[in-house]
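Accompanying notes for the structure given below.
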Amino acid sequence: GTGGSKVRSVVVPAFYNEFFSKPSDILSIPDDFVESASRYAGTYLFWRSNFSTIEKLINLGGGIKVAPSEDNTLIVSGFEEAKQFVEIGEDLFRERDGESRIAFQKDEQGEITGLVFDFLPFMSTYKASTWKTQPFNLTLLGFSMIVFFGVLLRLGYQWSAYKSLPQPEKEATRASVFVSGLTIVFLVVGIIAFVKDGDKLFSEGVTTIFKFWLIFPILASLAGFYQLYQTVLIWQNGYWGIWKNIRFTIVTFCSLFMAWFYYYWNLLGYNYM
Numbered sequence: 001g002t003g004g005s006k007v008r009s010v011v012v013p014a015f016y017n018e019f020f021s022k023p024s025d026i027l028s029i030p031d032d033f034v035e036s037a038s039r040y041a042g043t044y045l046f047w048r049s050n051f052s053t054i055e056k057l058i059n060l061g062g063g064i065k066v067a068p069s070e071d072n073t074l075i076v077s078g079f080e081e082a083k084q085f086v087e088i089g090e091d092l093f094r095e096r097d098g099e100s101r102i103a104f105q106k107d108e109q110g111e112i113t114g115l116v117f118d119f120l121p122f123m124s125t126y127k128a129s130t131w132k133t134q135p136f137n138l139t140l141l142g143f144s145m146i147v148f149f150g151v152l153l154r155l156g157y158q159w160s161a162y163k164s165l166p167q168p169e170k171e172a173t174r175a176s177v178f179v180s181g182l183t184i185v186f187l188v189v190g191i192i193a194f195v196k197d198g199d200k201l202f203s204e205g206v207t208t209i210f211k212f213w214l215i216f217p218i219l220a221s222l223a224g225f226y227q228l229y230q231t232v233l234i235w236q237n238g239y240w241g242i243w244k245n246i247r248f249t250i251v252t253f254c255s256l257f258m259a260w261f262y263y264y265w266n267l268l269g270y271n272y273m
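Mapping of the sequence shown onto full-length UniProt numbering: position 11 corresponds to residue 11, and the numbering continues sequentially without gaps.
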């Protein structure tokens, strides 16, 4: 049940320490580990997760992060607290102040592909590509939101100039406004949905407000492709100067990123059945 992992993490080590205690030994930290430490660094995601429904969003929570430290050890974070691990064999590490062990998996070319834990043998992980990681997605998501907010703010204080634009330029501007507005509504409704019914998502299923929320990725993606079409027109017909065209293209880039974001994280359509 809820909280079971916390109880297990306390009871199991206490049981083994009491009845099967091992003599503590001082680990020898290899001096040359710094030369190979970087090959282990990265984000590792659990294979035991959902890849086909909206529950895939859980992987956006961060996964297990591995990074080299200044002490010639690996810092593994993503559980309750970060831990240091010392190399004790080929691709094998032991907790610096404990008994836990981790091992890295590699392919035929010697590239690191996964990570396993002795205390979670049924929860193996794979090394995630950059575009699957939390930093990549949240950085571009944050940048895109800033761009979209900027589009709406710019429209607000240049409303009179917008009304006087020629029709082709007005349609191009309107495309940016549509995709920006729909994406921001997606963000706002998503926040409301998770605050209101987030605790029900994995117990009772997708509620009405989540179903309403999932309309906006579809609309925003369609608006994004219309934005792409207008981008082709502004460059072909030379509506504005180079700087304004570049700004418009940045909006298009953010729109296409969001379309990919919706698709990859199973938010495009009703992927919860």
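Note that beta-carbon positions come from the ideal geometry of N, C-alpha and C, so glycine has one too.
(request) Grab me the residues of residue 178's own chain with a C-beta within less than 6 Å of its C-beta, minus the 5 sequence neighbours each way, in chain order. (result) 223
(message) Three or more C-beta pairs under 8 Å: does that hold for the segment 120 to 132 against the segment 71 to 89?
(response) no
(request) Return yes when the Cβ of residue 193 is within less than 8 Å of the Cβ of residue 209, no when it is not. (result) yes
(message) I believe residue 187 touches residue 145 by the beta-carbon criterion, under 8 Å. Please report the beta-carbon distance rounded to the nearest angstrom.
(response) 6 Å
(request) Under 7 Å Cβ to Cβ from residue 33, same chain only, skipping five residues before and after it: list those, please. (result) 72, 87
(request) Name the two residues that bound the continuous beta strand (DSSP E) containing residue 121. (result) 120 to 127
(message) Between residue 52 and residue 237, how many whole angstroms is the CB-CB distance? I'm expecting something under 8 Å.
(response) Going by Cβ atoms, the distance from residue 52 to residue 237 rounds to 43 Å, so no, they are not a contact pair.
(request) Starting from the N-terminal side, write out each stretch of the alpha helix (DSSP H) that is 4 residues or longer and does not extend beyond the segment 87 to 165. (result) 134 to 157, 159 to 163
(request) Could you tell me the distance, in whole angstroms, from the CA atom of residue 43 to the CA atom of residue 63? (result) 6 Å
(message) So for residue 64, helix, strand or coil by DSSP?
(response) strand
(request) Count the other C-beta atoms from every protein chain shown that fall within 10 angstroms of the C-beta of residue 82, then say buried if there are 16 or more, exposed otherwise. (result) exposed
(request) Identify which residue in 149, 169, 199, 265 has its Cα closest to the Cα of residue 241. (result) 169
(request) With distances taken Cα to Cα, identify the nearest neighbour of residue 181 among 226, 152, 107, 211. (result) 152
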